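Chemist:
There are 2 protein chains.
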Amino acid sequence: MRMSTLRVALLGCGVVGSEIARQMVEHSDDLAARVGARLELAGIAVRRTGRDRAIPGVDPEIFTTDAAALVARDDVDLVVEVIGGIEPARGLIMAAMERGKSVVTANKALLADDGFALHTAADKHGVDLYYEAAVAGAIPLLRPLRESLAGDHVTRVLGIVNGTTNYILDQMDTHGSGFAEALEEAQALGYAEADPTADIEGYDAAAKAAILAGIAFHSPVSLADVHREGISEVTAADVAGAKAMGAVVKLLAICELAPGGEAVGVRVHPAMIPREHPLAGVRGAYNAVFVEAASAGQLMFYGPGAGGTPTSSAVLGDLVTVARNRVAGVTGPGGSWYADRRVRPMGETVTRYHISLDVDDRPGVLAAVATVFAGHGVSIETVRQRTEVPDGAELVVVTHQAPDEALSATVDELAKLDTVREVMSVKRVEGE
Amino acid sequence: MRMSTLRVALLGCGVVGSEIARQMVEHSDDLAARVGARLELAGIAVRRTGRDRAIPGVDPEIFTTDAAALVARDDVDLVVEVIGGIEPARGLIMAAMERGKSVVTANKALLADDGFALHTAADKHGVDLYYEAAVAGAIPLLRPLRESLAGDHVTRVLGIVNGTTNYILDQMDTHGSGFAEALEEAQALGYAEADPTADIEGYDAAAKAAILAGIAFHSPVSLADVHREGISEVTAADVAGAKAMGAVVKLLAICELAPGGEAVGVRVHPAMIPREHPLAGVRGAYNAVFVEAASAGQLMFYGPGAGGTPTSSAVLGDLVTVARNRVAGVTGPGGSWYADRRVRPMGETVTRYHISLDVDDRPGVLAAVATVFAGHGVSIETVRQRTEVPDGAELVVVTHQAPDEALSATVDELAKLDTVREVMSVKRVEGE
């Protein structure tokens, strides 16, 4: 039997794209055996062509700066998009799908921004849209959530999905360094970009959280629905304070079903988690995600969250699937939004706070502080008073669970107390 | 649009089967939304019918003792097999597939014994055969290996895939108990069966290893190919010895590609792993599996490895997939054996040994022992001599990497040395 050939347009040829092209050549026979058809690079769209583009086994003639024309070509069956960002990626993907081409992308920003519209277009045109690489790099996560757990009831997804911030927080925890110092080191080592905003302000993690929540809870969730706080305000004192209570500060993405199941909560923020929690042990730029489901219980997925080679593994895994579907003349499970749950505002989220207060060192302070908590219905778990602070005292309060709006209103009122000189730090406590 | 209905025959209604039936009723709407068709229980085959079979929402009339007739019924579209064991499960599955019904099973013994023939039959009859629940309970593992990593090159799968033995070894490590005592406790708590042979002698783990190796390396591997050693010979002294060198004893399933990639090694045996290794921290009856792939790097999958509810999650996830495929008129990726690698004999496996010897306490002993190692080309990493042993000495040798046949020949010769009174323990060292 002569094997048919599927022709692939690769959009983008940076670190990830060139790795994909390289592997498509190197593992050509394996990929063909797994797909049931040969995969051939029809063209590679780049911003600038030039001789530095040489990839062994790839015809230099197939590079082009006209991505739109490449996507429109009749001899292109499948499109792999690794340009990133919203435009021109969105337009190219839409154009590809309109012409009946299945798409594999690693584009988290786009999927988080517009996943619903993209999936709707994929359904309409009868094509596949796969994007495992968009969340947690090489870790198989979206497919297990979408398919392996399709017979279960996912209640929570909680994880470390941004390697840059995890590297920075890990450095702060291990070496006691400050945020600026740790960021500088991460930049020097290539773990953080020159403009680190997307990572350190939590935008990258929030995009991933939106994608995860949408899939886990069968409801449309976009980036705008995600409560987002970054790590740029995390201080060496916060990390030390966490250490003192046997915890570690991590940037968490948390997607959860509200009790009753009618709403979804999606948030990204730094949180203290106990040192015994498996996520506490996730070092450097690794990613790890917990999934809690009614029947399966607690599952954890762990691995490298970024990098050209891991990302290419995820993209090529998707490419094999969409190619195999194309050979069979079918599409895989598309977007699933039937539950259509509302997104709960952050204020309704039930969590715990760890609050450090710089207070006057005199009788009655604790009573005043406790009164504020009681007034908002927030129950205190522990209070620790450190009087060795020069000219005053430090009060560290850890609360029981309460709605975020009550906790946050408590903090606002504490800040106004005469006896409270400064609210030094407020961190949520998770993972218990 | 009126939704079509797919009718499901459930074979077996023990812990797992009754949980599946219960959830099919309880989550009927969710499952329908995910499949695109309603799933309906057509019949449940049991050994004995009776009123103790009552499952809320399930018509008692659909229970039958005639599994063969149920499978043959024209109004059955899909078959779920949770009887376990080789026969009658094999015959029923074959009959179902011959009649064009897709099958979901949790049957590791059968798949390990005869996976190739079963997949061949599935392909021939154009049906699906899915069995995520057969390995590591609820942990999505087979699907990620088969699909998510389809664009990558898996080099190693290493994990804890039997909860019973992990519970026993964990008890021995935590409380210093002996094997018999820990087994008895596991039995009392329901973690081990009255006849614990399949678990403690490694048959269960070996079946899972065969399945994992076949999928990971695209080659037929059956139970008979797996080198298997159980944990019944693991003593409190072994566990203490491991502790002394900062390690812990775990029953590991290891599937690896030989250097060069032309052969596959598959083995199950107790091994010492460093306490810092993530698998060392897997407690109780949990399972965890490392997957190493050329591009993805090291991935870990962790979760409950057994139990009715977790297993039902995996079965129902597969059921959604095969049902959805049936609606679309297609089948998913079937067995993939194109690489057809040979299985390497255990002797060729490269590993390390930890050997405890009871020796005479006199000069020249170490020289004699070292000569034996050298004669087999086995390089020693560390030797520790404990002379506080009454009337003699204990010599603990940890080797560098060497082929298992050289290591095992070394041990045989050591046992014959005049100065060696007893070879007290031999354990492989892995995970470094």
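Each protein sequence line maps, in turn, to chains B and F. Under full-length UniProt numbering, the letters of the first sequence match residues 1 to 432, in that order. Under full-length UniProt numbering, the letters of the second sequence match residues 1 to 432, in that order. All C-beta atoms in this analysis are idealised placements derived from N, C-alpha and C, irrespective of residue type, glycine included. The structure displayed is predicted, hence computed values, not measured ones.
1) So valine 135 of chain B contacts chain F; which residues on that side make the cut at Cβ distance below 8 Å?
2) Using a Cβ cut-off of 9 Å (strictly closer), state whether methionine 245 of chain B contacts chain F.
3) Can at least three beta-carbon pairs, one atom from the segment 137 to 144 of chain F and one from the segment 290 to 300 of chain B, be found at a separation below 8 Å?
4) Does the beta-carbon of glutamate 422 of chain F have 16 or more other beta-carbons within 10 angstroms, so that it is buried, or is it exposed?
5) Tell me whether the beta-carbon of glycine 12 of chain F lies closer than 9 Å to the beta-carbon of isoleucine 83 of chain F.
6) Can you find a CB in chain B that lies within less than 9 Å of the CB of glycine 214 of chain F?
7) Leaving out the 5 sequence neighbours to the left and right, which residues in its chain are closer than 8 Å to asparagine 325 of chain B when beta-carbon positions are compared?
8) Please report the distance separating the alpha-carbon of alanine 323 of chain B from that of alanine 32 of chain B.
9) Please list, in chain order, the chain F residues whose beta carbon lies closer than 9 Å to that of serine 28 of chain B.
10) Classify methionine 346 of chain B: buried if its beta carbon has 16 or more other beta carbons within 10 angstroms, exposed otherwise.
11) Measuring CB atoms only, is the segment 203 to 212 of chain F touching the segment 259 to 279 of chain F, in the sense that at least three cross pairs come out at less than 8 Å?
12) Compare the beta carbon distance of glycine 308 of chain B and glycine 14 of chain B with 9 Å and say whether it is the shorter of the two.
13) Taking only three categories from DSSP, how would you classify valine 327 of chain F?
14) Looking at the C-beta of residue 504 of chain F, does it have a partner C-beta in chain B at a distance below 9 Å?
15) One question on the structure: do valine 249 of chain B and leucine 257 of chain B come within less than 9 Å of each other, judged by their Cβ atoms?
16) Using a C-beta to C-beta distance shorter than 7 Å, which residues of chain F count as neighbours of valine 330 of chain B?
17) Please report the Cβ distance between valine 398 of chain F and arginine 352 of chain F, rounded to the nearest whole angstrom; I am assuming they are in contact, meaning their Cβ atoms lie under 8 Å.
18) Is the CB-CB distance between histidine 400 of chain B and valine 378 of chain B below 9 Å?
19) Using CA coordinates, which residue listed in F:Ala207, F:Ala242, F:Glu185 is at the minimum distance from glutamate 229 of chain F?
20) In terms of DSSP beta bridges, what is alanine 300 of chain B paired with?
21) So for glutamate 19 of chain B, helix, strand or coil by DSSP?
22) Under a Cβ-count criterion, where at least 16 other Cβ atoms within 10 Å of its own Cβ denotes burial, should tyrosine 131 of chain B be classed as buried or exposed?
23) Smallest Cα separation from glutamate 262 of chain B: which of B:Cys255, B:Val239, B:Val343, B:Met245?
24) Considering only residues of the segment 4 to 89 of chain F, which uninterrupted alpha helix (DSSP H) runs meet the minimum length of 4 residues and lie entirely inside it, listed in chain order?
25) So isoleucine 380 of chain F is in the beta strand (DSSP E); what residue range does that whole segment cover?
26) Ignoring anything shorter than 4 residues, give me the alpha helix (DSSP H) runs that lie fully in the segment 230 to 292 of chain F, in order along the chain.
27) Near aspartate 225 of chain F, what residues of its chain come up, given a Cβ to Cβ distance below 7 Å and the 5 sequence neighbours on each side ignored?
28) Count the other C-beta atoms from every protein chain shown that fall within 10 angstroms of the C-beta of histidine 175 of chain F, then say buried if there are 16 or more, exposed otherwise.
29) Which residue comes first and which comes last in the alpha helix (DSSP H) that contains lysine 101 of chain F?
30) Name the chain B residues that come within less than 8 Å of histidine 125 of chain F, Cβ to Cβ?
31) Kindly indicate if chain F contains any beta-carbon less than 9 Å away from that of alanine 294 of chain B.
32) In whole angstroms, give me the CA-to-CA distance for leucine 39 of chain F and leucine 39 of chain B.
33) Would you say serine 102 of chain B lies against chain F (beta-carbon separation less than 9 Å)?
34) Can you name the residues of chain B whose CB is closer than 8 Å to the CB of histidine 153 of chain F?
35) If you check the beta carbons only, do alanine 368 of chain B and leucine 417 of chain B fall under 9 Å apart?
36) Which chain B residues sit within Cβ distance under 7 Å of serine 18 of chain F?
Modeler: This is what the structure holds:
1) Per Cβ cutoff of 8 Å: no residues; valine 135 of chain B is ~12 Å from chain F at best.
2) no
3) yes
4) exposed
5) yes
6) no
7) Ser102, Asp128, Thr331, Gly332
8) 10 Å
9) Going along chain F, no residue has its Cβ under 9 Å from serine 28 of chain B, so there is no contact; the nearest lies around 12 Å.
10) buried
11) yes
12) yes
13) helix
14) What the structure shows of chain F is the stretch from 1 to 432, and residue 504 of chain F is not part of that stretch, so it cannot be assessed.
15) no
16) Ala328, Val330
17) 7 Å
18) yes
19) F:Ala207
20) Strictly speaking, residue 300 of chain B in this sequence is methionine, with alanine absent from that position. For methionine 300 of chain B, which the question treats as bridged, DSSP gives the partners B:Phe290, F:Tyr302.
21) helix
22) buried
23) B:Val343
24) 15 to 26, 28 to 35, 67 to 72
25) 380 to 386
26) 236 to 244
27) Ala210, Val266, Val343
28) exposed
29) Where lysine 101 of chain F is concerned, there is no enclosing alpha helix (DSSP H), given that its DSSP letter is neither H nor E.
30) Ordered by position in chain B, no residue passes the 8 Å Cβ test against histidine 125 of chain F, which lies about 16 Å from the chain.
31) yes
32) 37 Å
33) no
34) His27, Asp30
35) yes
36) Per Cβ cutoff of 7 Å: no residues; serine 18 of chain F is ~13 Å from chain B at best.
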